[in-house]
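Note sheet for the following structure.
2 protein chains.
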Amino acid sequence: MLTDRQKIILSAIVEDYVQSAEPVGSRALSKQMRIPLSPATIRNEMSDLEQLGLLDQPHTSSGRVPSQKGYRFYVDNLLQTTALDQKTVVALRDVYAQRIVEVERMIQQTSQILSELTQYTSLVQVPTLREGKIKHVELIPIGNGAAVAILVTDTGHVENRHVKLDEQISADELVAMVNLLNSRLKDVPVSRVKSHLYREIAREMSVALEHYEDAISVLDELLKDNGKTDDKVFVGGTTNMLTQPEFRDVEKARPVLEFLEHGSQLQKVLPRFESGGMHVRIGVENDFPLLHDCTVISATYSIGQTPIGSIGLLGPTRMDYARVMRIVEYVAKSLSRAITEAKGG
Amino acid sequence: MLTDRQKIILSAIVEDYVQSAEPVGSRALSKQMRIPLSPATIRNEMSDLEQLGLLDQPHTSSGRVPSQKGYRFYVDNLLQTTALDQKTVVALRDVYAQRIVEVERMIQQTSQILSELTQYTSLVQVPTLREGKIKHVELIPIGNGAAVAILVTDTGHVENRHVKLDEQISADELVAMVNLLNSRLKDVPVSRVKSHLYREIAREMSVALEHYEDAISVLDELLKDNGKTDDKVFVGGTTNMLTQPEFRDVEKARPVLEFLEHGSQLQKVLPRFESGGMHVRIGVENDFPLLHDCTVISATYSIGQTPIGSIGLLGPTRMDYARVMRIVEYVAKSLSRAITEAKGG
DNA sequence: TGTTAGCACTCGGTATGCATGAGTGCTAAT
DNA sequence: ATTAGCACTCATGCATACCGAGTGCTAACA
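Residue numbers (our numbering), protein chains in the order written: chain A, 3 to 347; chain B, 3 to 347.
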């Protein structure tokens, strides 16, 4: 365990370094600090903190820098939450005041405001379809043997997919099929559609329709890879990354930006939302080696009491933890409230 | 007018510089060139070319670099189109072989393959809704006085919008309204919907429906800003920008990347597709001062004979014009063919 | 007259040496 | 336990010198 004085010093170093991005030395610290100590004393303490692995020294005779372990300790034990500045609160209130109905739009706005407020890169997971209940199914032929299949959930999500349509299927059969689908699928949670009802519907179809095989293949296509979309993640403010001194060098920044642009693995950057609550992943705590110099701060948002997604911020490990955690938490709460109001708990 | 020798020299300088990104000197040129000339002679010619404004000299006693005017001359007069390498042709054939039905998906793939092939940033305009004909209109209540309005065009585009629904509108009225809309709007080009049919439908509604005012407001909302989506541009390979030596410096790269990320003005980067054909905008020829060190090479693609959108590539003015123009042209042609086949001329 | 060899000159880039200053660790005094 | 003092380290900035790639110019040459 650390002495109180060590804690104060560690806090001071973290907070100073987060601001300046420069190694902090004993002299500067001794002036700035609430408990006045001579530089020499502070040096001794810093030396101890370094041996504990909480500080790093870029080179002999330079100031100290928090190690990842140091940040971890700071976050776990030293952090004191500051009040949100009024400007931030107002900005957020404005965003969620405008009663948006479309969830995607709300998510997108959230992503934008998060990165704007913090000047980091925001990650906002689009809520999965799984919990939505099917409200309507539609199948619209657009000629050339193609059709658009549309799926609407009670969360207002619209999923559309193009399917091939065998020419032999008549318009009547199509209508019958759509009716069947609607009557059987209405209010069924998307997650259950496939496993639970699939065979049942298929059987009914085989009875009711002549070209049921084609019909089934359509259904198949429609439901196939819903998994593809249900982990979509909105990214905002990727270029904010370039304002951070640690990414001043293009060769440092490029891999991370490429990773963000490619986006296929972004879901895995955020912790699974099922766990709920806030998460802070510092440096090597991230699964991707690419992000071993980055921190991800995330929180889950919910409809009512059930968590449905995560929002998060990505930045260098040298991050303004107090402020960002506060904001992420607050935004998650605001988003939850807005979604809950819009969609009902 | 330039002498033949000057042309050869200018060509050689452009082609060398495009590859190496280093100012090219007389010695290197004299070795590499097809017509063997001594460095001294070349120096004289280069001096002349500089006075003509076709070459720049970064500083006294460094090699020459093509000026923007030099690139322009090269593109207009000296460019000799090389055959596409087999790898490129194969890659493209593979992309368009897979008979994609969704236009958006096709566009997105095009954007990706373009940036992959060229290592520049690709811009692909999504074809406007305007030319599509309405195939189906649907209005699906999702509870809480909200509904999802869906619009399907014969190009397979699905537009969905959330609308508020006055509680007073009954289910029957809703059905009546949707039927009315469908019968009146079917096969009408989206561009005409608003101007031509709006009032007419409104009048019919006022007769047929009790709460026609609410109905109209719904219709209003649905059609409101279709303009919002019809100029969407897909961007691919933004991080490729960072591989270019001219953007090695973050402070150079950031403004451009921010511009690309923000994206609200991307439509204006590409020339209006109505003009058809290929366009090359070099440096200051671009409207945005931000892009005054960049070149945009673009071509239009069509359904049948009518152009419907543009594709383009963005890179530094030091660009491999021959290769890129060839690729853009070829991709535009391939995309046109694919879309035409999928949607019919 | 067009071409080329030769030469002086320019200038960016790299290496070197040196002074500066911020910062440390250690020791001895308080 | 704290701190003043001191020797030491190392990044940074600066002046200097040097090298090499490249030029412009002039004079010689075909």
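Built from N, CA and C at the ideal position, the CB exists for glycine as well.
Taking 8 Å as the CB threshold, B:His281 stays off the interface with chain A. In this structure, the straight-line span from the alpha carbon of A:Leu56 to that of A:Ser69 is close to 5 Å.
At a Cβ-Cβ threshold of 8 Å, A:Ile152 and A:Val126 do not count as neighbours. Exposed is the label assigned to B:Phe290, since fewer than 16 other Cβ atoms lie within 10 Å of its Cβ. Between the alpha carbons of A:Tyr73 and B:Glu169 lies a gap of roughly 54 Å. B:Val126 is outside the set of residues whose beta carbon lies under 8 Å from a beta carbon in chain A. The three-state secondary structure of A:Gln121, taken from DSSP, is coil. Contact between A:Leu51 and A:Ile11 is confirmed by a C-beta separation of about 7 Å, below the 8 Å threshold. For the pair A:Val154 and B:Val150, the CB atoms are nearer than the 8 Å cut-off. Annotated as distal: A:Thr112 and A:Ile310, with beta-carbon spacing of 8 Å or more.
DSSP places A:Thr302 within a strand segment (E or B) once states are collapsed to three. Looking at the DSSP output, B:His281 sits in a beta bridge with B:Ser300. For A:Arg163, the enclosing beta strand (DSSP E) covers residues 160-166.
Residues of the stretch 133-165 of chain B whose Cβ lies closer than 7 Å to any Cβ of chain A, in chain order: Lys137, His138, Glu140, Ile142, Ile144, Gly145, Asn146, Ala148, Val150, Ile152, Val154, Asp156, Gly158, Val160, Asn162, His164.
Using a Cβ-Cβ cut-off of 8 Å, A:Thr308 is close to nothing in chain B; its nearest Cβ partner there is about 18 Å away.
The beta carbon of A:Val26 sits closer than 7 Å to those of Ile15, Asp18, Tyr19, Gly65, Arg66, all from its chain and outside the five residues before and after it, given in chain order.
No Cβ of chain B is located within less than 8 Å of the beta carbon of A:Ala340. The beta carbon of A:Glu118 sits no closer than 8 Å to any beta carbon of chain B. Secondary structure at B:Asp87: coil, using DSSP grouped into helix, strand and coil. Looking at the DSSP output, A:Phe236 sits in a beta bridge with A:Val126. For B:Ala149, the uninterrupted beta strand (DSSP E) segment begins and ends at 148-155. For A:Glu104, the chain B residues whose Cβ falls inside 7 Å of its Cβ are His164, in order along the chain.
Counting C-beta pairs closer than 8 Å gives fewer than three between the stretch 292-308 of chain A and the stretch 281-290 of chain B, which falls short of the contact rule. For the pair B:Val209 and B:Gly158, the CB atoms are not nearer than the 8 Å cut-off.
Under DSSP, the beta-bridge partners assigned to A:Gly145 are A:Ala148.
Within the stretch 303-346 of chain B, the complete alpha helix (DSSP H) segments at least 4 residues long are 323-345, listed from N- to C-terminus.
Put simply, of A:Pro60, A:Thr120, A:Thr319, A:Ser63 the residue whose alpha carbon is nearest the alpha carbon of A:Tyr76 is A:Thr319.
For A:Pro41, the enclosing alpha helix (DSSP H) has its first and last residue at 41-53. In the same chain as B:Asn288, and ignoring 5 residues on each side of it, the C-beta atoms closer than 7 Å to its own belong to His294, Cys296, Val298, in chain order. Of all residues in the stretch 253-278 of chain B, only Ala255, Arg256, Leu259, Glu260, Glu263 come within less than 8 Å of chain A when Cβ atoms are compared, listed by chain position. For A:Thr297, there are no C-beta contacts with chain B under 8 Å, since the nearest C-beta of that chain is about 20 Å from it.
For A:Leu57, the secondary structure class from DSSP, reduced to helix, strand or coil, is strand. In this structure, DSSP gives B:Ile136 an extended state, which the three-state scheme calls strand. Ranked by Cα distance from A:Asp87, the options A:Leu80, A:Leu81, A:Arg95 are led by A:Arg95. In this structure, the alpha-carbon of A:Tyr332 lies about 48 Å from that of A:Leu167. Secondary structure at A:Arg101: coil, using DSSP grouped into helix, strand and coil.
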